[in-house]
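Number of protein chains: 2
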Amino acid sequence: MTPTITAFERSPDGGMGLARDTRVRWALEEAGQAYEVRPVSFSAMKEPAHLALHPFGQIPTYEEGDLVLFESGAIIFHIASRHAGLLPDEADARARAIMWMFAALNTVEPPILELITAKFAEGDKPWSQERLPLIAERIRHRLGQLAARLGDAQWLDGAFSAGDLVMVSVLLRLRPSGILQEFPRLAAYVARGEARPAYRRAFAAQRAFNTARPPAG
Amino acid sequence: MTPTITAFERSPDGGMGLARDTRVRWALEEAGQAYEVRPVSFSAMKEPAHLALHPFGQIPTYEEGDLVLFESGAIIFHIASRHAGLLPDEADARARAIMWMFAALNTVEPPILELITAKFAEGDKPWSQERLPLIAERIRHRLGQLAARLGDAQWLDGAFSAGDLVMVSVLLRLRPSGILQEFPRLAAYVARGEARPAYRRAFAAQRAFNTARPPAG
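If you read the protein sequences in the order shown, they are chains E and F. Going by numbering that gives the first Met the number 0, the residue at position 67 of the first sequence is 66; the numbering climbs one at a time, nothing skipped. Going by numbering that gives the first Met the number 0, the residue at position 61 of the second sequence is 60; the numbering climbs one at a time, nothing skipped.
Okay, here's the thing in structure tokens:
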């Protein structure tokens, strides 16, 4: 059964691949799984029909028969646990790959989200310019620790896994800030992720999706 | 094999149960799994021996034979996937319980972490008092959506699961702010979590751990 995911009718990033549907597209491509995409407008995201799928009124969602999931980490985990290629078979290695998914989403991404909130939701506040460097320092602290752990390895724990997929996706959100490039090991790690054929297909698909149709409104 | 977790030598909250080892203790208690606890001082958390276990220099960690995990969400998932009582057997229900774990950690917790950062890391900044209400509004927005989804149900999706365990643990961090109490359904939901015998054992254990020994330094 072909699953259906939702995506922004038109992503605020105009197709740079930073919206969270790209992560899910990437996982589906790694898994060799076909999928459909249903666009959702910003107004429709707040309406009951979408809130029934996603209580927080966001994208992506994932529908497959009777199963409805939201939250990109959970969707990626679902795909990874049902198809080969994203989680190791060996139990301990599998637990560690899942660990990196959680670490990406709960330890590395929160200060990155803070930076995005500071720029977009509080960008007009008088403290904005003074706060941004503080947030950037918190991000650098995390990235320094992550780079130390990665060392000269290609991926976080052995072969490429869903943990890398999520971590690379989280780090990609930093590229506009310039902070990622301060950490050459992490920049190279992200570039390895982007070079994967599955990522390239996912990126191209979201880009086509976001640029093919006329902008809403 | 009895696993060993790490916890703050003395939690900054003095045993209110808000440090992340409490979540893991709770999961272990729900699973009926004995465990050992090794205290880690703030200085030891930054040293190579601990960083080898936890690259971000935090607690808790989880050691079980050759397996070393960090990140409380990942540890709870590991426990839940190996013992009965925290994840449903039916595949779709299981995927949804895992979804709520991710939602708690990546959608509900980030604005709560922002509030904590604003109070503790930026509490001395001139913008602090003006910013706190903005963050509180972002939290209220999420809690309103969560309360709407919960409705009159006891738990987020059928029987109590690891999703509820993580969500209740995340919401508990809000109690000092008074915001949780503005949402009676969620306050009652959290109280149901706290009333579980496994939570009570976990809470008592961390409290005893944090109050039994003389404070460091």
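Ideal Cβ placement from N, Cα and C applies to all residues, glycine included.
| Item | Value |
| --- | --- |
| Cβ-Cβ distance between Met100 (chain E) and Phe69 (chain F) below 8 Å | no |
| Chain-order list of residues whose beta-carbon lies under 8 Å from that of Glu35 (chain F) (same chain, five-residue window excluded) | Thr1, Pro2, Thr3 and Ile4 |
| Alpha helix (DSSP H) runs contained entirely in the region 43–81 of chain E, provided each spans 4 or more residues | 47–52 and 71–81 |
| Closest residue to Ile138 (chain E) among E:Glu63, E:Leu112, E:Lys118 and E:Phe208 (Cα-Cα distance) | E:Leu112 |
| Proximity to Ala73 (chain F) [Cα-Cα], best of E:Ala103, E:Asp65 and E:Pro183 | E:Ala103 |
| Classification of Leu76 (chain F) by the beta-carbon crowding that lies within 10 angstroms, buried from 16 upward | In the sequence under discussion, the amino acid at residue 76 (chain F) is Phe, which differs from the Leu named in the question. Answer is buried; the Cβ neighbour count reaches 16. |
| Identified DSSP bridge partners for Ala6 (chain F) | F:Pro38 |
| Span separating the alpha-carbon of Glu29 (chain E) from that of Ala203 (chain E) | 14 Å |
| Chain F within 8 Å of Ile97 (chain E), Cβ atoms only | yes |
| Secondary structure, alpha helix (DSSP H): runs of 4+ residues fully inside the region 185–211 of chain E | 196–211 |
| Closer than 8 Å to chain F by CB, Phe182 (chain E) | no |
| Residues that Gly72 (chain F) contacts on chain E, provided the C-beta gap is smaller than 7 Å | Phe101 and Asn105 |
| Continuous alpha helix (DSSP H) assignments of at least 4 residues falling wholly in the region 94–155 of chain E | 108–119 and 127–149 |
| Chain E within 8 Å of Glu108 (chain F), Cβ atoms only | yes |
| Residue environment, Arg9 (chain F), which counts as buried when at least 16 other CB atoms sit within 10 Å | buried |
| Beta-carbon gap between Arg184 (chain E) and Leu149 (chain E) smaller than 8 Å | yes |
| The region 35–58 of chain F: positions lying closer than 9 Å to chain E by Cβ | Leu50, Pro54, Phe55, Gly56 and Gln57 |
| C-beta contact flag for Leu145 (chain F) and Pro11 (chain E) at 8 Å | no |
| Span separating the alpha-carbon of Ala161 (chain E) from that of Leu170 (chain E) | 14 Å |
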